Amino acid sequence: MSALESTGNDAARERGFQRRDLFKFLIPSLIGVSLFLVPFQVGDTINIGMGLMADGLKALLDGALPAIAVFVLCLSVVATLYIKLARPAWAEHGVMRDMFHVGPVWFGMRLLGAAFALMTFFQFGPEFVTASFTGGVMLNDLAPVLLTFFFFAALLLPFLVEFGFMEFIGSLVRKPFRVIFNLPGRSAIDATASWMGSGTVGVLITTQQYETGFYNRREAAVIATNFSIVSIAFSLLITSFVDLNHLFVQFYFTVVVAGLIAAVIVPRLPPLSRKPDSYYEPVGCQLAEKRTEEVGLLRYSLLQAVRRAEKAPGPRELVRNALFNVADIFLALLPLVFAIGTVALILAEFTPLFTWLSYPMVPVLELLRIPEAEAAAPATLVGFADMFLPAVLATNIESELTRFVIACLSLTQLIYMSEIGALLLKSKIPIKLWELVVIFLLRTAITLPIIAFMAHAFFF
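Note that the UniProt record's numbering has the sequence shown beginning at 1, numbered continuously upward.
Structural data, given as structure tokens:
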């Protein structure tokens, strides 16, 4: 060994870790950052590396993905029935038991999701299920995206969360996040992954961190409902759909400002403020955020990251866990998303429910000086069913200011049952449907006046 290498290793030991341990943190973490947090521009679109992989697989499989989704949804029902009736020994423990030993409500959701998919794919049954803007949206638009996106997210997420990057960033930004949001610093990764990639990635990270003991119940619920920001790519899609491309910078600036203010206020109100600071029982608290003043912040952050990397699973266990995660998402989560999303779209498109519920919003919009208040009112609440629906309704509104407000509001509300809501209800994060409704309404009440003020004061 050369004198230079010896000196380098000695210096590393003084810092509490070996050079090879540092590389064990750096190399996988850099791969994770490049896959989930770094935006790439390909043609006219901006996406993260993992998103580009998902898009590539989607293009490769092309029209086969709806059929694959139907097969997966039916397999979920058949496998659940077989395991509950035959009780094979291999499915009585661990992940397989959690995946298939479900109660009647969750089994009913799987059955409903498979039924909706079959009816839509083969075009039989009531029109309100098979229509292009209800079951068709779920099967032909959303399911292909979820299949490809979740496949790569489940496989590649360990690079971001298992090798110390969460610990490194979490230690660096711990103080400001505790002061401003009363959250651990590592939650910054959830927000960034959502911002660059997808809100669903943020929820997956939050769920994984909660189930491994790095977020407590309150923190997990707060992060999932306030930091699962929609991606820049989806924001571009929304502005294009409502013909506001020329205002994208102003649009996204407004969304960020309103979203940050909501993230400060909403967690301090019930129901989130009443969530206990207890951890997921099977693992307990695994988070160590204390440091002595003698240790510099950067060195301490590196030390926390390296210690986490030392405990990272080996390649075989990583692959095994990733495959189980893919199976759990496909067989347990996808049916739930399909069932809840289709029902939500049916209520939005074939019933006057959201129109009735939005009547109180008309005087509010008039007070905020929003033109075409009656036409805009349903769009302020229909986003609870699906985030894209407000943009659909906004296309019929002539006022550019009103379209701007509706589009911004749809992105700051965050809770929509066709995807994020279903993800949260399926997860082990302790949050109920009525709580999602309350959080959605709170975010609407807080962000709508902010968006309207910014639109009037700065842009229109």
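Note that beta-carbon positions come from the ideal geometry of N, C-alpha and C, so glycine has one too.
Values in this document were obtained by computation on a predicted structure and should not be read as measured data.
Closest by C-alpha distance to residue i, when choosing among the options
| i | options | result |
| --- | --- | --- |
| alanine 375 | Thr355, Arg369, Asp386 and Phe384 | Thr355 |
| phenylalanine 181 | Ser301, Val438 and Ala221 | Ala221 |
| alanine 143 | Phe330, Leu160 and Gln208 | Phe330 |
| isoleucine 238 | Ala457, Gly383 and Gly51 | Gly383 |
| phenylalanine 453 | Leu302, Leu367, Ser29 and Phe234 | Leu367 |
| threonine 200 | Ala445, Ser427, Ile446 and Phe459 | Ser427 |
| alanine 263 | Ser187, Glu127, Thr130 and Phe128 | Ser187 |
| leucine 156 | Trp106, Leu73 and Val33 | Val33 |
| isoleucine 68 | Pro104, Ala114, Leu323 and Val405 | Ala114 |
| valine 405 | Thr351, Phe251 and Met387 | Phe251 |
| alanine 344 | Leu409, Ile420 and Thr206 | Ile420 |
| leucine 441 | Phe460, Leu409, Phe459 and Ala422 | Leu409 |
| leucine 287 | Arg274, Gln304 and Pro271 | Gln304 |
| valine 364 | Ile261, Asn47, Thr444 and Val42 | Thr444 |
| valine 137 | Ala332, Arg97, Phe149 and Val337 | Val337 |
| threonine 447 | Leu436, Glu435, Phe460 and Leu414 | Leu414 |
| aspartate 386 | Ala373, Pro352 and Thr342 | Thr342 |
| leucine 272 | Asn321, Asp141 and Glu435 | Glu435 |
| phenylalanine 214 | Phe248, Gly170 and Asp243 | Gly170 |
Residue interval of the beta strand (DSSP E) (run including residue i)
| i | result |
| --- | --- |
| proline 39 | 39-42 |
Alpha helix (DSSP H) segment containing residue i, residue limits
| i | result |
| --- | --- |
| threonine 130 | 127-130 |
| asparagine 325 | 315-328 |
| asparagine 396 | Unbroken run through asparagine 396: none, as it is neither H nor E. |
| lysine 426 | 422-426 |
| residue 469 | Here the chain has residues from 1 to 460 only, and residue 469 is not among them. |
| valine 77 | 65-86 |
| alanine 221 | 217-226 |
| tyrosine 359 | Here tyrosine 359 belongs to no alpha helix (DSSP H), and DSSP marks it neither H nor E. |
| proline 276 | Unbroken run through proline 276: none, as it is neither H nor E. |
| lysine 24 | 19-36 |
| serine 171 | 165-172 |
| proline 271 | Neither: proline 271 is in no alpha helix (DSSP H) and is coded neither H nor E. |
| valine 95 | 94-100 |
| tyrosine 416 | Segment: none, tyrosine 416 is in no alpha helix (DSSP H) and carries neither H nor E. |
| isoleucine 370 | Careful: isoleucine 370 lies outside any alpha helix (DSSP H) and carries neither H nor E. |
Paired residues, beta bridge with residue i - DSSP
| i | result |
| --- | --- |
| threonine 212 | In DSSP, threonine 212 forms no bridge with anything. |
| threonine 45 | Val42 |
Cα-Cα separation between residue i and residue j, rounded to whole angstroms
| i | j | result |
| --- | --- | --- |
| proline 430 | valine 102 | 17 Å |
| leucine 147 | arginine 369 | 42 Å |
| asparagine 216 | cysteine 285 | 8 Å |
| glutamine 18 | phenylalanine 168 | 17 Å |
| alanine 54 | valine 438 | 33 Å |
| threonine 134 | glycine 125 | 13 Å |
| threonine 7 | glycine 314 | At threonine 7, the pLDDT of 39 sits below 50, so the modelled position is not reliable and the matter cannot be decided from this model. |
| asparagine 9 | arginine 299 | With a pLDDT of only 45 at asparagine 9, under the threshold of 50, the placement of this residue in the model should not be trusted; the figure read from the coordinates follows. Those two C-alpha atoms are separated by around 16 Å. |
| arginine 13 | valine 319 | Interpretation of arginine 13 is limited by its pLDDT of 46, a score under 50 that renders its predicted location unreliable; no figure is taken from the coordinates. |
| isoleucine 450 | arginine 316 | 50 Å |
| leucine 37 | arginine 174 | 19 Å |
| histidine 246 | aspartate 44 | 15 Å |
| serine 235 | tryptophan 90 | 44 Å |
| threonine 212 | valine 129 | 38 Å |
| alanine 64 | leucine 302 | 45 Å |
| glutamate 400 | alanine 327 | 44 Å |
| alanine 309 | valine 362 | 54 Å |
| alanine 379 | histidine 456 | 19 Å |
| serine 76 | proline 335 | 8 Å |
| glycine 108 | leucine 433 | 17 Å |
| alanine 258 | phenylalanine 350 | 31 Å |
| leucine 393 | phenylalanine 241 | 11 Å |
| phenylalanine 165 | phenylalanine 121 | 42 Å |
| phenylalanine 159 | leucine 73 | 29 Å |
| methionine 1 | lysine 24 | For methionine 1, the predicted model reports a pLDDT of 45, less than 50, meaning its position is unreliable; a value from the coordinates is still stated below. For methionine 1 and lysine 24, the distance between alpha carbons rounds to 21 Å. |
| threonine 395 | valine 230 | 20 Å |
| methionine 50 | asparagine 226 | 23 Å |
| glutamate 5 | arginine 20 | With a pLDDT of 43 at glutamate 5, under the threshold of 50, the modelled position of this residue cannot be trusted, and the question is left open. |
| isoleucine 223 | threonine 206 | 7 Å |
| isoleucine 322 | glycine 94 | Reading off the sequence shown, one finds alanine at residue 322, where the question assumed isoleucine. Whole-angstrom Cα-Cα distance: 15 Å. |
The ligand SAM heavy atom lying under 7 Å from the CB of residue i
| i | result |
| --- | --- |
| alanine 422 | As presented, the structure is devoid of all ligands, the ligand SAM included, so that no description of it is given. |
Test item: CB-CB of residue i and residue j under 8 Å
| i | j | result |
| --- | --- | --- |
| proline 66 | leucine 139 | yes |
| leucine 357 | leucine 389 | no |
| glutamate 219 | proline 276 | no |
| valine 161 | glutamine 123 | no |
| valine 255 | threonine 412 | yes |
| valine 78 | leucine 118 | no |
| valine 179 | leucine 424 | no |
| residue 469 | serine 418 | With the chain covering only 1 through 460, there is no way to say anything about residue 469. |
| leucine 52 | phenylalanine 40 | yes |
| valine 306 | leucine 22 | yes |
| threonine 402 | proline 360 | no |
Residue i at chain D interface by Cβ criterion, 8 Å
| i | result |
| --- | --- |
| proline 88 | Structure shown: chain D not included; a single protein chain is present. |
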